[in-house]
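Enquirer:
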Amino acid sequence: MSARDEVLAANESYAATFGDKGELSLPPARNFAILTCMDARLDPAGYAGLAEGDAHVIRNAGGRASDDAIRSLVISYKLLGTAEWFVIHHTDCGMEFFTNEVMSELLASSLETAALGPEGFTAVGTGPGSPEGGNIDWLTISDQEGSVVEDVTRIRNHPLVPGSIPIHGFLYDVRTGRLIDVPGATEAGAAR
Ligand SMILES: [Zn+2]
134 MSARDEVLAA NESYAATFGD KGELSLPPAR NFAILTCMDA RLDPAGYAGL
184 AEGDAHVIRN AGGRASDDAI RSLVISYKLL GTAEWFVIHH TDCGMEFFTN
234 EVMSELLASS LETAALGPEG FTAVGTGPGS PEGGNIDWLT ISDQEGSVVE
284 DVTRIRNHPL VPGSIPIHGF LYDVRTGRLI DVPGATEAGA AR
């Protein structure tokens, strides 16, 4: 079965028991937003107890406070009323295993999927690649807690983010499913 067929079959079951979720209102009912990593092991609905309609979840590689993540957060409060935010990175994040230089070299050599081994990502496959990867900041992570503090601080100091929104910083532990407080982040993100 292709992924497409699997998704459509799953959707058939989901829609069959959709119930009254069609009546949910657009603004998130619980008035908060989570910025987190796209890692397939993370299930924000599960780890934070969310149902449809509850909260905004913004995901990207690393859960980083990129310009686009901030765009979503600003829309989240300004138009849809969220009043409390969470930045949740995690242990064993793939963003720790490469740098901008490594990524641009991998892309320059080939557009095929790289191999991940104990030494990090290595180039496999044939070219041509593209030098365009060198023009992107991949927002990699060299310090798990440091990246949470950095992102909370960046959001806190953004001119379009009101001081009234508390921003909490956490690491999600992929081995236990627990959220671990990052004290420096929560301090940096305190409402003021
Ligand atoms: Zn990750």
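Take any residue in the sequence shown, count from 1 to its spot, add 133: that is its number in my numbering.
Think of the CB as a built atom: it goes at the ideal place given N, C-alpha and C, for glycine as much as any other residue.
If you're wondering where the values come from, they're calculated on a predicted model, not measured in any experiment.
1. Could you tell me which residues DSSP puts in a beta bridge with N193?
2. Ligand 1 and H222: does any heavy atom of the ligand fall closer than 8 Å to the residue's C-beta?
3. So what does DSSP say about G262, is it helix, strand or coil?
4. Helix or strand or just coil, what does DSSP make of V220?
5. Could you work out which residue in Y180, L212, S209 and F231 is closest to G195 when comparing CA atoms only?
6. For M171, verify whether its CB is less than 8 Å away from any heavy atom of ligand 1.
7. In whole angstroms, what separates the C-alpha of A256 from that of S275?
8. Check whether the Cβ atoms of A181 and A188 sit closer than 9 Å, and answer yes or no.
9. With a threshold of 8 Å, establish whether the CB of A198 neighbours any heavy atom of ligand 1.
10. Closer than 8 Å to a non-hydrogen atom of ligand 1 - does that hold for the CB of A194?
11. Considering only the alpha carbon of each residue, which of R325, I300 and R192 lies closest to L175?
12. Tell me which residue opens and which closes the beta strand (DSSP E) that I300 is part of.
13. Per DSSP, L312 is paired with what?
14. May I ask whether a heavy atom of ligand 1 can be found less than 8 Å away from the beta carbon of M236?
Expert: Walking through what the data contain:
1. The residue labelled residue 193 in the question sits at position 60 within the sequence shown. For N193, which the question treats as bridged, DSSP gives the partners C170.
2. Position 89 of the sequence shown, counted from the start, is the residue given in the question as residue 222. Correct: H222 has its Cβ closer than 8 Å to ligand 1.
3. One-based indexing of the sequence shown puts residue 262 at position 129. It is coil, neither helix nor strand.
4. Here residue 220 is taken as the residue at index 87 of the sequence shown, counted from 1. V220: strand per DSSP, three-state reduction.
5. Taking the first residue of the sequence shown as position 1, residue 195 is located at position 62. It is F231.
6. Along the sequence shown, one-based indexing puts residue 171 at 38. Yes; taking the cut-off as 8 Å, the Cβ of M171 has a heavy atom of ligand 1 nearer than that.
7. For this step, residue 256 is matched to residue 123 along the sequence shown. For this step, residue 275 is matched to residue 142 along the sequence shown. For A256 and S275, the distance between alpha carbons rounds to 21 Å.
8. Position 48 of the sequence shown holds residue 181. Position 55 of the sequence shown holds residue 188. Result yes, Cβ atoms of A181 and A188 sit closer than 9 Å.
9. Along the sequence shown, read from residue 1 onward, the residue named residue 198 stands at position 65. The answer is no for A198.
10. If you number the sequence shown from 1, residue 194 lands on position 61. Within the cutoff, so yes.
11. Indexing the sequence shown from 1 puts residue 175 at position 42. Of R325, I300 and R192, the residue nearest in Cα terms is R192.
12. Counted from its first residue, the sequence shown places residue 300 at position 167. Run containing I300: I300 to Y305, per the beta strand (DSSP E) assignment.
13. What you label residue 312 is simply residue 179 of the sequence shown in a count that begins at 1. L312 pairs with Y305.
14. By one-based count along the sequence shown, residue 236 stands at place 103. Checking the Cβ of M236 against ligand 1 gives no.
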